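S.K.: First residue of the sequence shown: 180, per the numbering used here; consecutive thereafter.
We treat Cβ as the ideally placed atom computed from N, Cα and C, and that holds for glycine.
These figures come from a predicted structure and were not determined experimentally.
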Amino acid sequence: MKAYPRILKYSLPYTGQMLLSVGCHLLYAFFSLFTFGLIVPFASILFGLTEAVTVRPELHLSADSLMDMLSYGITWLQQHYSLGIAILFVSLVFLTCALLSNFFRFMGLYFLNPVSLNATRDLRNELYNKLLTLPLSFYTTHRTGDLITRLNADMQEVNNAIKNSLLVFSREPFQIIVFFVALLMISPMLTLVSCIAFPLTAMLTAKISESVRRNSKKGQEQLSLINATYEEGISGLRVIRGYGATGFFIRRFHQMGLQFNRITNKVLLRIELSGILSEIISIASLCIVIFTGGYLLLRGSGHLTPNTLILFVILFAKLIAPVQTLIKNINYIEKFMVSVRRIFEVIDSEEVIVEKPDALPLKDFCHEIECRDITFGYEAGNRVLEHFSMTLTKGKVIAVVGASGSGKTTITNLLLRFYDVQEGTVLIDGHDIRDYVISDVRGLMGLVSQEVVLFHDTVYNNLCFGREFTLEQVREAARMANADEFVQALPQGYDTVIGDRGMTLSGGQRQRLSIARALLRDPQILLLDEATASLDSQSEHLVQQALDRMLAGRTALIIAHRLSTVQKADEIIVLDKGRIAERGTHSELYAREGLYHHWVKLQEMS
Ligand SMILES: Nc1ncnc2c1ncn2[C@@H]1O[C@H](COP(=O)(O)OP(=O)(O)O)[C@@H](O)[C@H]1O
Ligand SMILES: [Mg+2]
180 MKAYPRILKY SLPYTGQMLL SVGCHLLYAF FSLFTFGLIV PFASILFGLT EAVTVRPELH
240 LSADSLMDML SYGITWLQQH YSLGIAILFV SLVFLTCALL SNFFRFMGLY FLNPVSLNAT
300 RDLRNELYNK LLTLPLSFYT THRTGDLITR LNADMQEVNN AIKNSLLVFS REPFQIIVFF
360 VALLMISPML TLVSCIAFPL TAMLTAKISE SVRRNSKKGQ EQLSLINATY EEGISGLRVI
420 RGYGATGFFI RRFHQMGLQF NRITNKVLLR IELSGILSEI ISIASLCIVI FTGGYLLLRG
480 SGHLTPNTLI LFVILFAKLI APVQTLIKNI NYIEKFMVSV RRIFEVIDSE EVIVEKPDAL
540 PLKDFCHEIE CRDITFGYEA GNRVLEHFSM TLTKGKVIAV VGASGSGKTT ITNLLLRFYD
600 VQEGTVLIDG HDIRDYVISD VRGLMGLVSQ EVVLFHDTVY NNLCFGREFT LEQVREAARM
660 ANADEFVQAL PQGYDTVIGD RGMTLSGGQR QRLSIARALL RDPQILLLDE ATASLDSQSE
720 HLVQQALDRM LAGRTALIIA HRLSTVQKAD EIIVLDKGRI AERGTHSELY AREGLYHHWV
780 KLQEMS
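(1) Flag this pair as touching only if the region 279 to 299 and the region 247 to 260 have three or more C-beta atom pairs under 8 Å; answer yes or no.
(2) Mapping the DSSP letters down to three states, classify Ser395 as helix, strand or coil.
(3) Can you round the beta-carbon distance between His546 and Asp599 to whole angstroms, since I take them to be within the 8 Å contact cut?
(4) Roughly how many angstroms lie between the CA atoms of Arg449 and Glu389, to the nearest whole one?
(5) Can you check the region 357 to 407 for any alpha helix (DSSP H) of at least 4 residues that lies completely inside it and give the ranges in chain order?
(6) May I ask you to report which of helix, strand or coil DSSP gives Asp537?
(7) Indicate, with yes or no, if ligand 1 has a heavy atom lying under 7 Å from the CB of Val605.
(8) Given that a residue counts as buried once 16 or more other Cβ atoms are within 10 Å of its Cβ, and exposed if not, what is Gly757?
(9) How big is the Cα-Cα spacing for Gly423 and Ser583?
(10) Give every residue whose Cβ lies closer than 5 Å to any heavy atom of ligand 1, listed in chain order.
(11) Are the CB atoms of Ser349 and Val519 nearer to each other than 8 Å?
(12) Sorted by chain position, which residues of the same chain lie with C-beta nearer than 6 Å to Gly252's C-beta, five sequence neighbours on each side aside?
(13) When every heavy atom of ligand 2 is checked, does at least one fall within less than 7 Å of the C-beta of Glu761?
(14) By Cβ distance below 6 Å, which residues in the same chain neighbour Ser395 in space, the five residues on each side in sequence not counted?
(15) Which two residues bound the contiguous beta strand (DSSP E) that contains Asp301?
(16) Could you tell me if Thr790 is buried or exposed, where buried requires 16 or more neighbouring beta carbons within 10 angstroms of its beta carbon?
(17) Between Ile767 and ligand 2, is there a pair consisting of the residue's CB and a ligand heavy atom that are separated by less than 7 Å?
(18) For the beta strand (DSSP E) holding Ser766, just list the boundary residues, first then last.
(19) Under the three-state reduction of DSSP, which class applies to Ile532: helix, strand or coil?
(20) Within this structure, are the beta carbons of Leu456 and Leu383 separated by less than 8 Å?
(21) Between which two residues does the alpha helix (DSSP H) carrying Ser457 extend?
(22) Check whether the Cβ atoms of Ile548 and Ala748 lie closer than 8 Å to each other.
(23) Ordered along the chain, which non-local residues of its own chain (more than five positions away) have a Cβ less than 6 Å from that of Asp708?
(24) Under 8 Å, with one C-beta from each stretch per pair, do the region 340 to 348 and the region 292 to 300 reach the 3-pair mark?
(25) Tell me which residue opens and which closes the alpha helix (DSSP H) that Thr744 is part of.
(26) Taking 7 Å as the cut-off, is the beta-carbon of Glu709 closer than that to any non-hydrogen atom of ligand 2?
(27) If I measure Cβ to Cβ from Leu212 and keep anything under 7 Å in the same chain, skipping five residues before and after, which residues do I get?
(28) Give the DSSP bridge partners of Ala578, in chain order.
(29) When you compare only the Cα positions, how much space is there between His740 and His777?
(30) For Tyr775, I'd like the list of residues in its chain whose CB is within less than 6 Å of its CB, leaving aside the five on either flank, ordered along the chain.
(31) For Phe644, which residues in the same chain have their Cβ closer than 7 Å to its Cβ, ignoring the five residues on either side in sequence?
(32) Between the region 297 to 308 and the region 481 to 489, do three or more beta carbon pairs fall short of 8 Å?
(33) What residues in its chain sit with their C-beta under 6 Å from that of Ile704, if we drop five residues either side in the sequence?
(34) Taking the alpha helix (DSSP H) that Thr591 falls in, what are its first and last residues?
Okay, here's the thing in structure tokens:
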């Protein structure tokens, strides 16, 4: 579906409010027509330029009839009271019309604002849901800053797009139509003349719109770049400072800001220009109208009187503003639509990992989890794992060792179904992993990896992580993870807010918190991916102790760098460039004097 009708569809649930807003805008148009349309007849009647109407006329729905009716009223007031009273009456009618027209203008927006805000919120929720379910592979091709820009700045533009569209479709067209019909009623001939410039306006608008669209796209991309640099600057602060690259990053950032301003300025100027051009064209049309009207008046043709000509000119002048606003808004919408398309781009990205409609629930893990002859690569043609097989029986521990880049983490990615295998199958209790409900599969497993993710929140919330646990349960898990002691020593204990990404804690402390988090959920299958790799030997000892406690009686896959930690495993698999080089228990492998033996010797030496 085209982006424009599609974004407008988001406002459909709020049709009621939309209609109210449209109604208010219609009334606004009528009252503003009255306010301005009454000036001339009133003035001419008051000052005796037209004949006084002394007999009550019959009321029809035509300009003449209405005018006669008003003339009659004013004449009556003049005759029965005084000219002063008649003028007072006229002023009050003006004031009332003006107040009413502005009241309805306000009410129009009063009903319209929630429509665009709610529609935007719905879209934002949809985008966020999508971002949390998209496959990890999506994030290897999109920068965080870019996605944040889409969630923030582009969303703001979506709100503007919806609001302006609804305005463009309700407020200005009514104004234009109402005034246009009034003009037609006064003089069809003059109205026709005044339309001469329309095609020129349309052409210019189309030309400018095209440029607005092109530059807005560049502008949003530049903004994404700025946000990405911003985000990377903050998350990589330690490295940037450590390498003395601050100056480089600052210069680059400033440069991007300049570029962004240049593009944005271009867009905004184009939009202003479109408004100004349409005004110039309208005023030129006005001159043509005055000229033609004057000519017709002098020749005495075209049923024109000085009064009707002046009224025509006033109403025509009043028509210029809504036309100008309409054209400007159309160009603004072009600008906003760039953002709308950027958001739909994310929402439409394909989900590589899809759940079957009749997916099986999986609450318990009974026998085994098996990788059967798996071949997998992140990109087509590139094989990270080849003919990999293993069977992890309930209650057993398998260790995978291998050089960096040999595909160890990839195995956990497949077990958690972050990716789907290309050949072979992953089976849980004999069923293909793809047959199960994805969240159930992930719910079985607890992952503790080298990269610890902590959020800017209290220790307690970081451990509970979206589920309900009592403080006693949390403390018990922390105690097992050797974390209770240092948490108690924090200023507010479990209620201490840990800084962004846990910056206020040491690597070992963060790792023990992540173990406590996994322990708290008591997963049936544990995946430990180099959980101790980045730690010094003192904290490694504490973490190792915690891990040993956690492993007792559990099914686990341990990926480890340090061979000492895997010796107790029921099976050790030695990976070499995605292929299984050796497998067996520690003593079997050691005795074989192959790759494993070689590594153990190397580590013993260091
Ligand atoms: N998200 C990814 N996209 C593309 N290639 C990847 C991705 N993650 C890992 N790789 C590649 O897959 C190979 C195996 O990676 P990994 O399983 O992380 O190794 P290990 O954990 O054994 O160090 C590496 O060559 C790595 O470059
Ligand atoms: Mg790894």
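M.R.: Working from what's here:
(1) no
(2) Taking the sequence shown and counting its residues from 1, one reaches residue 395 at position 216. Reduced to three states, the DSSP call for Ser395 is helix.
(3) On the sequence shown, position 367 is the one that residue 546 refers to. On the sequence shown, position 420 is the one that residue 599 refers to. With 8 Å as the limit, His546 and Asp599 do not qualify as a contact, their Cβ atoms being about 22 Å apart.
(4) Indexing the sequence shown from 1 puts residue 449 at position 270. Indexing the sequence shown from 1 puts residue 389 at position 210. In a straight line, the C-alpha of Arg449 is about 10 Å away from that of Glu389.
(5) 367 to 373
(6) The residue labelled residue 537 in the question sits at position 358 within the sequence shown. Asp537: coil per DSSP, three-state reduction.
(7) Along the sequence shown, read from residue 1 onward, the residue named residue 605 stands at position 426. The answer is no for Val605.
(8) Position 578 of the sequence shown, counting from 1, holds the residue named residue 757. By the neighbour-count rule (16 or more Cβ atoms within 10 Å), Gly757 is buried.
(9) Position 244 of the sequence shown, counted from the first residue, corresponds to residue 423. Position 404 of the sequence shown, counted from the first residue, corresponds to residue 583. Going from the Cα of Gly423 to the Cα of Ser583 covers about 29 Å.
(10) Thr319, Tyr557, Val563, Ser583, Gly584, Ser585, Gly586, Lys587, Thr588, Thr589
(11) As a working mapping, residue 349 is identified with position 170 in the sequence shown. As a working mapping, residue 519 is identified with position 340 in the sequence shown. No. Outside cutoff.
(12) Here the question's residue 252 lines up with position 73 in the sequence shown. Cβ neighbours of Gly252 beyond the five flanking positions: none.
(13) What you label residue 761 is simply residue 582 of the sequence shown in a count that begins at 1. No.
(14) Here residue 395 refers to the residue found at position 216 of the sequence shown. Excluding sequence neighbours, Ser395 sits near Val446, Lys514, Val517.
(15) Translated into positions along the sequence shown, residue 301 becomes position 122. Here Asp301 belongs to no beta strand (DSSP E); instead the alpha helix (DSSP H) covers 262 to 312.
(16) Outside the displayed range of the chain (180 to 785) lies residue 790, so it cannot be described from this structure.
(17) By one-based count along the sequence shown, residue 767 stands at place 588. Note that residue 767 is Glu in the sequence shown, not Ile. No, ligand 2 has no heavy atom inside 7 Å of this Cβ.
(18) For the purposes of this step, residue 766 is taken as the residue at position 587 of the sequence shown. Where Ser766 is concerned, there is no enclosing beta strand (DSSP E), although the alpha helix (DSSP H) it sits in stretches over 765 to 771.
(19) One-based indexing of the sequence shown puts residue 532 at position 353. The answer is coil: DSSP assigns Ile532 none of H, G, I, E or B.
(20) Counted from its first residue, the sequence shown places residue 456 at position 277. Counted from its first residue, the sequence shown places residue 383 at position 204. Result yes, Cβ atoms of Leu456 and Leu383 sit closer than 8 Å.
(21) Taking the first residue of the sequence shown as position 1, residue 457 is located at position 278. Bounds of the alpha helix (DSSP H) holding Ser457 are 425 to 478.
(22) Stepping through the sequence shown from its first residue, residue 548 is reached at position 369. Stepping through the sequence shown from its first residue, residue 748 is reached at position 569. No, Cβ-Cβ distance for Ile548 and Ala748 is not below 8 Å.
(23) As a first step, residue 708 must be located in the sequence shown, where it is residue number 529. Excluding positions up to five away in sequence, the list reads Thr588, Thr591, Ser628, Ile738.
(24) yes
(25) Working through the sequence shown from its first residue, we reach residue 744 at position 565. Counting along the chain, Thr744 falls outside any alpha helix (DSSP H), and DSSP gives it neither H nor E.
(26) Counting from one through the sequence shown, the residue named residue 709 turns up at place 530. Yes, Cβ of Glu709 sits closer than 7 Å to a heavy atom of ligand 2.
(27) Along the sequence shown, read from residue 1 onward, the residue named residue 212 stands at position 33. Answer for Leu212: Val357, Phe358, Ala361, listed in chain order.
(28) Walking along the sequence shown from the start, residue 578 turns up at place 399. According to DSSP, which records beta bridges pairwise, Ala578 is partnered with Ile737, Ile751.
(29) Taking the sequence shown and counting its residues from 1, one reaches residue 740 at position 561. Taking the sequence shown and counting its residues from 1, one reaches residue 777 at position 598. As the crow flies, the alpha-carbon of His740 is around 14 Å from that of His777.
(30) As a position in the sequence shown, residue 775 is number 596, starting the count at 1. Excluding residues within five positions, the ones whose Cβ falls inside 6 Å are Val753, Glu761, Leu768.
(31) Here residue 644 is taken as the residue at index 465 of the sequence shown, counted from 1. Cβ neighbours of Phe644 beyond the five flanking positions: Arg696.
(32) The answer is no - the region 481 to 489 does not touch the region 297 to 308, with fewer than three Cβ pairs under 8 Å.
(33) Position 525 of the sequence shown, counted from the first residue, corresponds to residue 704. Around Ile704: Leu623, Met624, Thr734.
(34) Taking the first residue of the sequence shown as 1, we reach residue 591 at position 412. Per DSSP, Thr591 belongs to the alpha helix (DSSP H) from 587 to 594.
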